[in-house]
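The structure appears right after this line, and notes come after that.
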Amino acid sequence: MIPALAIKNYTLDYVTAAGPVRVLHDISLQIAPGEVLGLVGESGSGKSSLAWALMRHLPDNASEVAGSLQLGDIDLQRLSPRALTEIRGRRLGMVFQDPSTSLNPTLTIGTQITEALIRHRGLKRRDASSLAIELLGHVDLNNPAAIMRRYPHEISGGEKQRVVIATAFGCQPDVILFDEPTTALDVITGARILELFARLRRETGVAALYISHDLALVTRVADRVAVLERGRLVEQAPAADIFRAPRHANTRVLVDAVPRPERRLVHDMPRDQVLLAASDIEVQYGSGGLFRDAPPPATKKIGFEVRGGEILGLVGESGSGKSSMARALTGLARFSGKISFEAHEIHGLRDMNAAYRRDVQIIFQHPDSSLNPRHRIDEILSRPLKLYGGDLADIPRLLDQVRLPASYANRWPHQLSGGEKQRIAIARAFAARPKLVICDEITAPLDVSVQAQIIELLLSLREATGAAFLFITHDLNLIRQIAHRIAVMRRGEVVDLLPFEDFDADHVHPYTRELMAASPVPVG
Amino acid sequence: MTELFIRLMRRPQGFIGVLLLALIAAACLFGSALAPYAPEKIDFLGRFRAPGWQNWLGADQFGRDILSRLMVGARSTVPLAFIATFVGSAAGAIIGVGSAYLGGRTDEAIMRTNDAVMAIPGLLMALLLVSTLGNGAGNAVIAIAVAFAPGMARVTRSAALNVRNQDYVKAAIARGEGAHWIIFREMLPNVMAPIVIESTIRVSFAVMLFATLSFLGVGAQPPASEWGLMVADARQYMHQAPWGLIAPSAAIALTAIAFNLVGDGLRDALNPKDER
Numbered sequence: 022m023i024p025a026l027a028i029k030n031y032t033l034d035y036v037t038a039a040g041p042v043r044v045l046h047d048i049s050l051q052i053a054p055g056e057v058l059g060l061v062g063e064s065g066s067g068k069s070s071l072a073w074a075l076m077r078h079l080p081d082n083a084s085e086v087a088g089s090l091q092l093g094d095i096d097l098q099r100l101s102p103r104a105l106t107e108i109r110g111r112r113l114g115m116v117f118q119d120p121s122t123s124l125n126p127t128l129t130i131g132t133q134i135t136e137a138l139i140r141h142r143g144l145k146r147r148d149a150s151s152l153a154i155e156l157l158g159h160v161d162l163n164n165p166a167a168i169m170r171r172y173p174h175e176i177s178g179g180e181k182q183r184v185v186i187a188t189a190f191g192c193q194p195d196v197i198l199f200d201e202p203t204t205a206l207d208v209i210t211g212a213r214i215l216e217l218f219a220r221l222r223r224e225t226g227v228a229a230l231y232i233s234h235d236l237a238l239v240t241r242v243a244d245r246v247a248v249l250e251r252g253r254l255v256e257q258a259p260a261a262d263i264f265r266a267p268r269h270a271n272t273r274v275l276v277d278a279v280p281r282p283e284r285r286l287v288h289d290m291p292r293d294q295v296l297l298a299a300s301d302i303e304v305q306y307g308s309g310g311l312f313r314d315a316p317p318p319a320t321k322k323i324g325f326e327v328r329g330g331e332i333l334g335l336v337g338e339s340g341s342g343k344s345s346m347a348r349a350l351t352g353l354a355r356f357s358g359k360i361s362f363e364a365h366e367i368h369g370l371r372d373m374n375a376a377y378r379r380d381v382q383i384i385f386q387h388p389d390s391s392l393n394p395r396h397r398i399d400e401i402l403s404r405p406l407k408l409y410g411g412d413l414a415d416i417p418r419l420l421d422q423v424r425l426p427a428s429y430a431n432r433w434p435h436q437l438s439g440g441e442k443q444r445i446a447i448a449r450a451f452a453a454r455p456k457l458v459i460c461d462e463i464t465a466p467l468d469v470s471v472q473a474q475i476i477e478l479l480l481s482l483r484e485a486t487g488a489a490f491l492f493i494t495h496d497l498n499l500i501r502q503i504a505h506r507i508a509v510m511r512r513g514e515v516v517d518l519l520p521f522e523d524f525d526a527d528h529v530h531p532y533t534r535e536l537m538a539a540s541p542v543p544v545g
Numbered sequence: 029m030t031e032l033f034i035r036l037m038r039r040p041q042g043f044i045g046v047l048l049l050a051l052i053a054a055a056c057l058f059g060s061a062l063a064p065y066a067p068e069k070i071d072f073l074g075r076f077r078a079p080g081w082q083n084w085l086g087a088d089q090f091g092r093d094i095l096s097r098l099m100v101g102a103r104s105t106v107p108l109a110f111i112a113t114f115v116g117s118a119a120g121a122i123i124g125v126g127s128a129y130l131g132g133r134t135d136e137a138i139m140r141t142n143d144a145v146m147a148i149p150g151l152l153m154a155l156l157l158v159s160t161l162g163n164g165a166g167n168a169v170i171a172i173a174v175a176f177a178p179g180m181a182r183v184t185r186s187a188a189l190n191v192r193n194q195d196y197v198k199a200a201i202a203r204g205e206g207a208h209w210i211i212f213r214e215m216l217p218n219v220m221a222p223i224v225i226e227s228t229i230r231v232s233f234a235v236m237l238f239a240t241l242s243f244l245g246v247g248a249q250p251p252a253s254e255w256g257l258m259v260a261d262a263r264q265y266m267h268q269a270p271w272g273l274i275a276p277s278a279a280i281a282l283t284a285i286a287f288n289l290v291g292d293g294l295r296d297a298l299n300p301k302d303e304r
């Protein structure tokens, strides 16, 4: 039987000013008709390069050193540009990571989907339009005829990804490439997209290459999993086996890094005395005008307590108000309500004195944007020391604390990797010797294995300093490993505030149960 | 910095622009030493002498050598234009970044005032200020700087608004940094690229504006060999001795073109996405 997609001994270089850099070493993969192959690897492992090579959309400095790419009986490397346009979409579909950038913002959904059907299926406009409505209905979009007339900014991210998937499946390709299709979506939306993918796959029997950095997720959707490490294929195994018996050391690292709620990382109990008590916190962005109502508040009079040394988890999907809460507590957003910190009472931004600013530190989600690109690392770390009193000679110690060499003090942020930058942001927060550290989705942009290292580092810093954490995340499995108590937020309200061990009990809020069901727990 | 210079020199417009600027800078620095004659040396026998071996670019109504006057005059034209642009850009940049940082009503108030000032044409504004402050090169510099500041403030503010939303600025606010540090050390370095590019292009406007003010008699005063003034003087004898008009005009145009080319080159060189 001819495989749907066959990659043989494929080797790819990128030619840079410093000479060629090999991104893919001798890759051989086959996907049988109707099979889903998961491709897992950390960022920089070359998985996206492979996808672009298959789509024949490599950058100008790419050079294909050896190997072949076969789609059925077609040699992809020999196709002329004209023949390629016949293949793309028609025989080989692709679904990208970020649905907000893969749809053209100036065209209606209907125009974009019928255009693809007319070009690839040779349909008349009227037939294409009725087929498009049918396809959109088939991906569980409500009122598909109305969606057809809307522009991409008028529908949500999950709906956009459904439109992209409907378009890809509608052209009836032999193989579809999925490049991290749920990474840009929140947990529940992502889980529904995966359900949709599984159903469409059963119905159409399409073959797929599913690329992701999340091993737990891939084992749920794929038949077989291939692990890529720095451009080399290190392991290929059936999805069920890879978790139970990972053979290669790199696979084992990936498997171990996947957070599992039953494996607790924190064993002590918090102190009794309350460190921070927030009550009736309401954050409101923008005010109403003459002709429009004020938008609903981002958080609706919510409150919680953090005890000394406690790790309080705050989970919820995007837009639930968890980041607004962090912004209120650090004085970045106007709020009404009361915060008591130790003996100090705060009713607004003016009440936040230098001592409060020192004791409550925040670490942001994106280390790329939380470190000023025009400041060297030593200058970044010297600011809290200068502001709150400290010795500049401490900088090597701060770097050592986050397990970075002292020589990094002279570097610029862009010379560091994402995980290293996040370590610098952590070092900056701990330079103030804080009592409460607010972590706003700090591991979300990082790979699973880097995330595990960062969590381990945070826990050892907590051991050393006794600081409490307010840990904001959308990853319920991760937070159940470390938090003492977890607050679940939805649309600006706290729906559940439970000790971690109660999450398996049956008195949780229905929304919490939905969130738990959506968090992929590894198979095996 | 050296890398930026190499990238600038690799582009044809950057290379030509830098070459012309080097020539102009040499004239500013060594003009009086290199000039074949003293700029105010009057030669009655050589009145309106056509360009030739004695006076390469000809002579004016008093027989003064035009080339010498141009070379000496560079020092009173280009540096002043440069200073005016620098002062105007710096003021505009600080207003723009400050306004973006403060935000809300304050931002609105600053930018609307800025718009009101911008509505007055640059030359009119400069004339107005010079007639209030009095004639002279120093006051012309102030006038040009004031005329330039609002435009710079606009350009800088739009760049600074993006920077304002970056997490490093939020981090600075959250740790309780003062406005001074946030504006000058966190935000300004990150909006420098558009400011530098806009300023180099504006220098050429300043050269022309400065020449215009001198031409109208409110900038540099005779017998200075400022280029605009030379054009104004030569105007009466345009038909007898067109070279008296052409030479300083060409010098003004050349300077403007040089700064524009460097500005264009810098815009490409500072854009890291344009890696070729």
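Protein sequence lines correspond, in order, to chains A and B. Residues are numbered in my numbering as their position in the first sequence, beginning at 1, plus a constant of 21. Residues are numbered in my numbering as their position in the second sequence, beginning at 1, plus a constant of 28. C-beta atoms are modelled at their ideal positions from N, C-alpha and C, and glycine is treated no differently.
1. Going by DSSP, what residues sit across from residue 246 (chain A) in a beta bridge?
2. By a C-beta neighbour count over all protein chains shown, 10 Å radius and 16 as the cutoff for buried, is residue 520 (chain A) buried or exposed?
3. With burial defined as no fewer than 16 other Cβ atoms inside 10 Å of the residue's Cβ, what is the status of residue 162 (chain B): buried or exposed?
4. Kindly list the residues whose CB is nearer than 7 Å to the CB of residue 301 (chain B), restricted to its own chain and excluding five residues on each side of it in sequence; keep chain order.
5. DSSP state of residue 534 (chain A), grouped into three classes?
6. Below 8 Å on C-beta distance, what does residue 82 (chain B) contact in chain A?
7. Rounded C-beta distance between residue 86 (chain B) and residue 77 (chain B)? I'm assuming under 8 Å.
8. Using a Cβ-Cβ cutoff of less than 8 Å, which residues in the same chain neighbour residue 53 (chain A) once the five nearest sequence positions on both sides are dropped?
9. Which residues in chain B sit within 9 Å of residue 288 (chain A), going by Cβ to Cβ distance?
10. Please report the distance separating the alpha-carbon of residue 41 (chain A) from that of residue 89 (chain A).
11. Using 7 Å as the threshold, is the C-beta distance between residue 329 (chain A) and residue 296 (chain A) below it?
12. Taking DSSP's pairing of strands, which residues face residue 460 (chain A) in a bridge?
13. Applying the 10 Å Cβ sphere with the 16-neighbour rule, what's the burial state of residue 291 (chain B)?
14. Between residue 190 (chain B) and chain A, is any beta-carbon pair separated by less than 7 Å?
15. Assuming residue 468 (chain A) contacts residue 234 (chain A) under a Cβ cut-off of 8 Å, what Cβ separation, rounded to an integer in Å, is found between them?
16. Checking 7 Å against the spacing of the C-beta atoms, do residue 294 (chain B) and residue 225 (chain B) come in under that value?
17. Identify each residue in the segment 394-408 of chain A for which the Cβ-Cβ distance to at least one residue of chain B is less than 9 Å, and report them in chain order.
18. Within the chosen definition, does the segment 498-511 of chain A reach the segment 333-340 of chain A through at least 3 CB pairs nearer than 8 Å?
19. Within the 7 Å Cβ cut-off, does residue 54 (chain B) reach chain A?
20. Can you find the residues in the same chain that come closer than 6 Å, C-beta to C-beta, to residue 316 (chain A), ignoring five residues on each side of it along the sequence?
21. Cutting at 6 Å between CB atoms, please list the residues of its own chain near residue 370 (chain A), excluding the five before and the five after it.
22. Taking only beta-carbon positions, decide if residue 302 (chain B) is within less than 7 Å of chain A.
23. If we ignore side chains and look at the alpha-carbon of each, how far apart do residue 150 (chain B) and residue 513 (chain A) end up?
24. Using only CA atoms, which one of B:256, B:270 and B:210 lies nearest to residue 109 (chain B)?
25. Taking DSSP as the reference, what is the three-state secondary structure of residue 39 (chain A)?
26. In chain B, what lies closer than 7 Å to residue 387 (chain A) by C-beta?
27. Hey, residue 100 (chain B) and residue 67 (chain B) are a contact pair by Cβ (cut 8 Å); roughly how many whole angstroms apart?
28. Quick one: what does DSSP say residue 140 (chain B) is sitting in, helix, strand or coil?
29. Determine the burial state of residue 36 (chain A): buried for a count of at least 16 other Cβ atoms within 10 Å of its Cβ, exposed for fewer.
30. Per DSSP, what kind of secondary structure is residue 276 (chain B) in: helix, strand or coil?
31. Does any C-beta atom of chain B lie closer than 7 Å to the C-beta of residue 53 (chain A)?
32. Using a Cβ cut-off of 7 Å (strictly closer), state whether residue 217 (chain B) contacts chain A.
33. Would you mind telling me which residues of chain A sit closer than 8 Å to residue 201 (chain B), beta carbon to beta carbon, in chain order?
34. In chain order, what are the residue ranges of uninterrupted alpha helix (DSSP H) at least 4 long that sit wholly in the segment 167-194 of chain A?
35. Quick one, which of B:199, B:221 and B:234 has its alpha-carbon nearest residue 348 (chain A)'s?
36. Whose Cβ in chain A lies nearer than 8 Å to the Cβ of residue 68 (chain B)?
Quick answer:
1. A:59 and A:258
2. exposed
3. exposed
4. The predicted position of residue 301 (chain B) is uncertain, since its pLDDT is 48 and thus under 50; a value taken from the coordinates is nonetheless stated next. Around residue 301 (chain B): no qualifying Cβ.
5. helix
6. Ordered by position in chain A, no residue passes the 8 Å Cβ test against residue 82 (chain B), which lies about 54 Å from the chain.
7. 6 Å
8. 22, 24, 25 and 228
9. Those within 9 Å of residue 288 (chain A) in chain B number zero; the least Cβ separation is about 31 Å.
10. 20 Å
11. yes
12. A:384 and A:492
13. buried
14. no
15. 5 Å
16. yes
17. 394, 395, 396, 400, 401, 404, 405 and 408
18. yes
19. no
20. 307
21. 352
22. With a pLDDT of only 48 at residue 302 (chain B), under 50, the local geometry of the prediction cannot be trusted, and no value is derived from it.
23. 51 Å
24. B:256
25. coil
26. 195
27. 4 Å
28. helix
29. exposed
30. helix
31. no
32. yes
33. 352 and 353
34. 178-191
35. B:199
36. Under the 8 Å cutoff, chain A gives no residues; its nearest Cβ is about 49 Å from residue 68 (chain B).
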